[in-house]
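Below is one structure; the comments refer to it alone.
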Amino acid sequence: MTLPPSSRPAAHPGSRALILRRVFDNGSTEFATFSQVDDGFLLTGTIVAVHESEPLEVKYRIECHPDWRTRLVWVEQRRGLEHSALVISQDGQAKWSAQGAAIDSLNGCLEVDLELTPITNTLPINRLKLGIGQRAEIVAAWIRFPSLEIVRAHQSYERLKAKIYRYRSLASGFTADIEVDEDGLPIRYEGIWERIGESRT
């Protein structure tokens with residue numbers, strides 16, 4: 002699946018490219034890019050991983066409004082020799098759809114959360130603009146891999162220090178501290194991911 006040229010807005014100076022590695026089990030490596038564009042922000046990436054001994058490649062594109070609400074999510078996945086894809090969008094009023102069909106179960110979600118990457122933690126971190134010591138709860142559209150199932154995920158974020166946030170899944174109780182840079186992009190996700198390379202324009 003290829004996106005039409007009209008949906009590829011030009012990036013402004015200050016674009017970033019990152020390499021992230023799953024240090025928990027060396028199970029995946031990710032090449033991600035971040036750009037500010039004319040109508041908001043753009044995150045893209047390619048993840049190469051192993052799932053149940055099978056090769057897994059995931060490509061994604063996330064378009065965000067200037068206030069960091071998710072506008073469009075495109076995911077393309079290859080699991081072994083099988084190919085699948087997903088495109089969902091949000092209308093700015095927290096109502097989601099896929100190929101024109103409403104996804105009522107996601108009503109109220111302002112951002113997407115991709116299970117395989119810490120890059121989507123950037124979205125609520127930047128949207129919430131928490132002060133140090135502040136905490137907020139959100140509901141995200143959580144995309145699972147490799148099933149591509151989308152579920153509502155109740156989460157919270159707490160800003161512990163200037164560049165340290167605590168993520169919590171309110172369903173499971175899982176917590177992790179996330180270190181970010183000046184753009185809210187992940188440097189280290191406690192015990193699971195870390196950034197191992199970066200370049201800037």
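Per this note's numbering, residue 2 is the first one in the sequence shown, and the count goes up by one each step. Using N, Cα and C, we set each Cβ at its ideal position, and we do this for glycine too.
Are the CB atoms of residue i and residue j nearer to each other than 9 Å?
i       : j       : result
Val-74  : Val-59  : no
Ile-120 : Phe-25  : no
Val-113 : Ile-63  : yes
Gln-100 : Arg-70  : no
Arg-1   : Asp-68  : A query on residue 1 cannot be resolved here, the shown segment of the chain reaching from 2 to 202 and no further.
Tyr-190 : Glu-180 : yes
Ile-133 : Leu-161 : yes
Ser-66  : Pro-147 : In the sequence on display, residue 66 carries His and not Ser. Against a cut-off of 9 Å, the Cβ pair of Pro-147 and His-66 comes out as no contact.
In three-state DSSP terms, what is residue i?
i       : result
Ile-188 : strand
Asp-54  : The identity of residue 54 in the sequence shown is Ser, whereas the question assumes Asp. Ser-54 falls in the coil class under three-state DSSP.
Ile-63  : strand
Leu-117 : coil
Ile-197 : strand
Ser-148 : coil
Ile-126 : helix
Leu-107 : helix
Gln-91  : strand
Leu-171 : coil
Arg-70  : coil
Thr-202 : coil
Val-38  : strand
Lys-96  : coil
What number of angstroms, rounded off, separates the C-alpha of residue i from the C-alpha of residue j?
i       : j       : result
Ile-197 : Arg-22  : 7 Å
Ala-50  : Ala-95  : 31 Å
Met-2   : Val-76  : Confidence at Met-2 is low in this model, with a pLDDT of 45, below 50, so its placement is unreliable and no value can be given for it.
Ala-142 : Cys-110 : 6 Å
Lys-164 : Asn-108 : 30 Å
Please look up how many angstroms separate the CB atoms of residue i and residue j, rounded, as I've assumed it's under 8 Å.
i       : j       : result
Leu-19  : Glu-199 : 5 Å
Arg-72  : Gly-41  : 7 Å
Arg-153 : Ser-106 : 6 Å
Thr-176 : Tyr-168 : 7 Å
Ala-33  : Leu-43  : Their Cβ separation, rounded to whole angstroms, is 11 Å, which puts Ala-33 and Leu-43 out of contact at 8 Å.
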